Structures are given as C-alpha cells and as structure tokens.
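A short write-up of the structure that comes next.
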Amino acid sequence: MFELNAQSIAFIVFALFSLGGALGVVTTRNLIHATLYLILSLFGAAGFFVLLSAPFMAAVQVLVYIGAIAILIVFAVMLTRSMTRLSDIYNSQWLLSAIVAGLLFVLLLVGVILPVWGVNGTQAGREVSSIVTTTVDLGKALVDQNQYVLPFEVASLLLTAAMIGAIVVARDDKE
Amino acid sequence: MNDVCSINNLTQCLLDGGVSPDLANLLTILGGVVLVATVPLVTVIFLIWIERKIAARVQDRLGPNRVGPFGLLQSVADAVKMLTKEDITPMGADKFIYNLAPIIAFATVVLIWAIIPFTPLHIGADLSIGILYFVAVASIGTVKIMIAGWSSNNKYALLGAFRTIAQLLSYEVPLVLSLLIPVMIAGTLGMQDMVRAQGSMWFVFMAPVAAVMFFIANLAETGRAPFDLLEAESEIIAGYNIEYSGFKWGMFMAGEFMHAFTAALLAAVIFLGGWWGPFVEQVPALGFVYLGLKTAVVYIFGLILRSTVPRVRIDQLMALNWKWLVPISVANVLITALLLKVVDAIGLAPQSGDFFAHLPQTLVLLVGNLVLMFGVATVLRNRGRAQRLVDEAAHPVEHEDAPVVAGAVGH
Chain X
1 MFELNAQSIA
11 FIVFALFSLG
21 GALGVVTTRN
31 LIHATLYLIL
41 SLFGAAGFFV
51 LLSAPFMAAV
61 QVLVYIGAIA
71 ILIVFAVMLT
81 RSMTRLSDIY
91 NSQWLLSAIV
101 AGLLFVLLLV
111 GVILPVWGVN
121 GTQAGREVSS
131 IVTTTVDLGK
141 ALVDQNQYVL
151 PFEVASLLLT
161 AAMIGAIVVA
171 RDDKE
Chain E
176 MNDVCSINNL
186 TQCLLDGGVS
196 PDLANLLTIL
206 GGVVLVATVP
216 LVTVIFLIWI
226 ERKIAARVQD
236 RLGPNRVGPF
246 GLLQSVADAV
256 KMLTKEDITP
266 MGADKFIYNL
276 APIIAFATVV
286 LIWAIIPFTP
296 LHIGADLSIG
306 ILYFVAVASI
316 GTVKIMIAGW
326 SSNNKYALLG
336 AFRTIAQLLS
346 YEVPLVLSLL
356 IPVMIAGTLG
366 MQDMVRAQGS
376 MWFVFMAPVA
386 AVMFFIANLA
396 ETGRAPFDLL
406 EAESEIIAGY
416 NIEYSGFKWG
426 MFMAGEFMHA
436 FTAALLAAVI
446 FLGGWWGPFV
456 EQVPALGFVY
466 LGLKTAVVYI
476 FGLILRSTVP
486 RVRIDQLMAL
496 NWKWLVPISV
506 ANVLITALLL
516 KVVDAIGLAP
526 QSGDFFAHLP
536 QTLVLLVGNL
546 VLMFGVATVL
556 RNRGRAQRLV
566 DEAAHPVEHE
576 DAPVVAGAVG
586 H
C-alpha cells in the first residue's frame, strides 16, 4: 500500500510543511512568526495541489494566499501594540473554545477514518481520477450555465459589496 | 546512439551509459536546475557593468574602464569586495528571518527563469500555467520585503518596507491585467505555446497598449527609475534593506538587477516573439541569440530611461497607478475581449499560421488599441488644460513683464 517513491516523499514533506506550519501558527507568541508559519502551511497546501495534478490551483494558492499574507503581516504590525511577546490573554473563554475545537477535531477525525456516516473517499480506497482537467475546463465550468455560473457571480457580487463596504467604512465623512 | 553528450540528449546519453531510467531522469532534471539557477548568478555581474556603462554614457562620463578590458571585471572586483565586508546583524534583530530575507529575495527571481523559453528546445519547465506561475512567484516578492523590513529592528527599515509593499501591490494590478491580453490572444497560459502563437505576428502589434502597460508596471515592480522610491539613493539612503551589509546586501542588489533583466526577458518572450527569428526552426540554438537581442532592446531602453527621467513622488506614483494604469488596463481587457469575439464571429480569425492570415485580426486589434490611446490622450489633454486654468487663476502670470524686460536689455 505504502511505497517510498518521489511522490510519497514529496507528500510527506508537504504534509510536514502544512501540519508543522499550522501548529506553529497557534503556538508561537510572536505575531510575525505566526504569519510566517501560516505562509509555510499554505505553501504545503499548494504542494498538495501540485501532487494532485492541479497546477492552476497551486499557482492560485500561492498568488492569493502567500501573496496576500504579506498584507496580513502589515496589518499585524500596524494594528497590534506588541507583536513579539504576546502574554496577555484577551479572551476569557479560551478554555471553553479550546475544548469545543478539540471535540470538533475528534469528530472530524472519526468521520474520516471510521465508516460511521457511510463510506467516504478515504475508506473506499478510491483511485485518483485519471481525467486531468485543464485550466480551460475550469474556466468554462465557471461560466457554464449548467455548472457554476451562479455561485461564481454571487461570489463576485459579494466581493464587490465587501469592497464597497470597506471604502464606505474607511472614508472620511468630514469632507 | 549519440556521439556527443550534451544537455539536449543527456537522458538518452545516461541510459546508453547503463544508468537506471529513474536516476537518469533525476540527473537530467538536476542538471537543468543547476544550469537555470547558475546562469542568472553569472549574468548579473555583467548586467551591473552594462548598467554602469550606459548610465555613464548618458551622463557624459566614461564609466568603469580600469579593471580588465573595457572595465569588464569591475563588477567582479566589487563582488569580491562585498564578500569580504563585515556581516553585521543589528542588535535585537530577528536572526532567522533576517537571514532568510536575502535568500528569498534572490530565489524568487531565479525561480522565474525556470519557465522562460530560451529556444524551441531549451526551457526549464514548460508548465501549462506558465504566466500564472510567474505572477505567483513575483507575489512572493512582497513577503521578502516585509520580513526584511520588520526583522531588522529598525523603524526606518519598517517604514521603507510599508512604502515598498504599497508600491508593489498597487502595480501588480496593471501587471496582471496587461498579461491577460496576450493570454486571451494566444488562448494559453503556457510560455512555450505563447511564443509559438507569435510565429507570424508578434503580440506587440496586436496589443501595444498592453505591452506598454507591462513595461511600466514592471519598472515599478522592479523598483526602477522613475519608480525607484524604495531606494531613492539621492534623497534617502535606502528602504527596507537599510540594515543589511556585505553579502546579504549584495543578494538584495543582485536580486534587484536580475529582476529588472528578467522583466525585460519576459517582455521579449510575451510581446516580442521570444525566440522567433530567421532559421530558428532549423537551428534551435539561434533562439538564444534572437531572444538575447530582443531582451537587450527592452533592457537598454529601461536603462536609458533610468538615467534620464526624474523620480516621481509617492502620491504621483499612486495616482498614476490607480487613476490611469488600472482603468486603462481594465478598458483594454474589455476592448480586446470584445474585438476578439467580433473577429471570431465575422470569420477574420487566423485559419493558418502564415503572416497574411493574421493580418485582419491584427489590424482590428490595433485599431482598438489606437482608439483607446486616443481616448486616453484626449482625457489627458483636457485635464492638463483644466489644471492650467486653475493654476493660472491661483497665480496670475503677468504677461506685460516680457516686453519690459526686453526693453531693459535693449538699453
């Protein structure tokens, strides 16, 4: 079942990137380090897309997430008083939320590993589809009326609304 | 059986030599990686020499001419000097990140070289998403500036990083929008396919506005004059990289020079037909020559521009981008998409690969571009007139002065 070849080594490396990065994000007390760990984690996800023969998604992952996370760092620097040694606990309900998050994670894990709610992809041992969809297929699917044109347009509208909202909030009313 | 082993037939050569297929494949890829990563490192030394020579000629100086023939080895001497300088890490710097930033700075530029088609045969990796890969790798560039500025533990470096990020992010919009035009015309994201699509007509004739936009946006992305606010050596010392010294500073500088050259290379590949030229299909190695010549034209034009135009202010930089380049790019995308559909509908789309088959489509797109240029020029002229009226109302010019002065001279 498991054999050591280039692909599995790459998978392990990317898995370490994304899990280790995710762990780093929540454990470090330094906001800048947290955002850099996040970059590492998302880079791992981009690697998975490459392994799944979805280079378009990989490039978009790097472009949108890693490119935009620089802005997140800027905000982290600008909006916080102390970025490097966060010792204050700002949320008094952290214990409760930690327990809920842990329970949700266990639930997710059970759902994936055990066939409690019916057989899913991992349990069925399904082969990865041999049909490699190209970027052209993806583009056509997004504007095809039988496929995703409605979600696509709704998402565009939502983003435009968010942008206009941000401009309205940020505008100086005194002028 | 091959008589001579070269990079073209390395895999076959190794297989003949009794190496296992997996290992032969790995070695070939490794060789390609080493080659693609080393060429920029060597090229940058001569790029600095060319840059200094041309800047010197524009400013009526001689430029470097003491070390080696024509001063060619000046950059080598500079590099050696840089390597022997003390490597200072400021107190309170975030050491790991501080050391990581210069590596990312150069790596992001070298990574772009992986997708550049030098000849019909020589390309690092002919990805199906070539253009998108370039945009994605270029976007990592903002990360390096942010972490360099922040980890230096210096408020000037941090402010410099903010300023630079604002510039890079703004100009990424017209850059990506101008790249959409050749993608639409060629119908592919792959770099090699894009060059092949220009076999009978370069994209610069079909999309001159997009080519100019790409050039301007790249000047800003690479921090070249008139957009070199991130360094501005005559006003402020530097920006995000102020604390770096020695080799690490050299990495930033080399990355910057290399990025400017890579931008010219990409402009040549995407708009000027890449490796196309006479007899290139018979002798693929000629592609290096043609691509080099085209790149040199774009690059040297950028260099002359660098040493002739004054630097813009930060507000002018932002106004130019958001009030001019972005709207023009969006309009350009809409016009080109519409015209391509129209051309397709009335049956003028090129059926074969020869020059005359491409002529109708090119003319239609060219007319569309000219209309856009005319519109922009009209708006610019009207704005200039309105501004001049406002200025004259605020500071009235006394036209009667002139004859009086002339009379004074006459006495």
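Sequence lines, in order, name chains X and E. Residue numbering for the first sequence is 1 to 175, as defined by my numbering. Residue numbering for the second sequence is 176 to 586, as defined by my numbering. Every residue gets a Cβ at the ideal spot worked out from N, C-alpha and C, and that includes glycine. Given the structure is predicted, the values throughout are model-derived calculations rather than measurements.
| Item | Value |
| --- | --- |
| Min CB distance A176 of chain X to chain E below 8 Å | Because chain X spans 1 through 175 in this model, residue 176 of chain X falls outside it and cannot be assessed. |
| Cβ-Cβ distance between M381 of chain E and L541 of chain E below 8 Å | yes |
| With 16 other Cβ atoms within 10 Å as the buried cut-off, status of E406 of chain E | buried |
| is_contact[V62 of chain X, chain E] using C-beta, thresh 8 Å | yes |
| Straight-line gap, V50 of chain X to S345 of chain E (C-alpha atoms, nearest Å) | 29 Å |
| Chain-ordered neighbours of A45 of chain X on chain E, where CB pairs are closer than 8 Å | Neighbours of A45 of chain X on chain E: none; closest Cβ ~13 Å, over 8 Å. |
| At least three beta-carbon pairs within less than 8 Å, the stretch 471-480 of chain E to the stretch 437-450 of chain E | yes |
| Residue nearest to K319 of chain E in terms of C-alpha spacing, selected from E:P292, E:L350, E:I272, E:K256 | E:I272 |
| Short-range partners of chain X found in the stretch 302-316 of chain E, where Cβ spacing is below 8 Å | L302, S303, I304, L307, Y308, V310, A311, V312, S314, I315 |
| Beta-carbon contacts of T28 of chain X that lie in its chain and below 7 Å, excluding the five residues immediately before and after | A34, Y37 |
| Per-residue DSSP class, three states only, for M266 of chain E | coil |
| I315 of chain E and G67 of chain X closer than 8 Å at C-beta | yes |
| CA-to-CA distance, T283 of chain E to K260 of chain E, given in whole angstroms | 25 Å |
| Residue-level contact to chain X via CB, L447 of chain E, 8 Å cutoff | no |
| Closest Cα partner of N507 of chain E within the set E:A385, E:A552, E:K423 | E:A385 |
| C-beta neighbour in chain E for A170 of chain X, strict 8 Å | no |
| Near the ligand MG: E226 of chain E beta-carbon under 7 Å from a heavy atom | No copy of the ligand MG occurs in the structure displayed, which carries no ligand at all. |
| Contact under 8 Å by Cβ, G477 of chain E with A429 of chain E | no |
| Contact check, I304 of chain E vs P55 of chain X, beta carbons under 8 Å | yes |
| Residues, ordered as in the chain, of the stretch 351-373 of chain E that lie near chain X by beta-carbon distance below 7 Å | L364 |
| Range of the contiguous alpha helix (DSSP H) that encloses N146 of chain X | Premise fails: N146 of chain X is in no alpha helix (DSSP H) and is neither H nor E. |
| Neighbourhood of A438 of chain E by C-beta, 6 Å cutoff - its chain only, sequence neighbours within 5 removed | N393, T397 |
| Rounded straight-line distance, which links the Cα of S41 of chain X to that of G324 of chain E | 22 Å |
| Touching by the beta-carbon criterion (3+ pairs, under 8 Å), the stretch 240-260 of chain E and the stretch 419-426 of chain E | yes |
| Rounded Cβ spacing between V268 of chain E and S326 of chain E (contact assumed at less than 8 Å) | It is worth fixing the name first, because residue 268 of chain E is Ala in this sequence and not Val. So it is a contact: roughly 6 Å between Cβ atoms. |
| Residue nearest to F389 of chain E in terms of C-alpha spacing, selected from E:F432, E:S504, E:P215, E:P453 | E:S504 |
| Three-state secondary structure (DSSP) of I515 of chain E | Looking at the sequence provided, one finds Leu at residue 515 of chain E rather than Ile. L515 of chain E falls in the helix class under three-state DSSP. |
| Proximity test, Cβ basis, 8 Å: W325 of chain E and chain X | yes |
| Beta-carbon spacing of F309 of chain E, G462 of chain E below 8 Å | no |
| Inter-residue spacing [alpha-carbon to alpha-carbon] between R563 of chain E and V62 of chain X | 46 Å |
| Buried/exposed call for R481 of chain E, threshold 16 Cβ in 10 Å | buried |
| Inside the stretch 349-394 of chain E only - alpha helix (DSSP H) runs reaching at least 4 residues | 366-371, 378-381 |
| For H33 of chain X, the first and last residue of its enclosing alpha helix (DSSP H) | 31-51 |
| Three CB pairs or more closer than 8 Å across the stretch 351-359 of chain E and the stretch 491-499 of chain E | no |
| Residues within the stretch 274-288 of chain E neighbouring chain X, beta-carbon criterion of under 7 Å | none |
| Cβ pair L555 of chain E, L492 of chain E closer than 8 Å | no |
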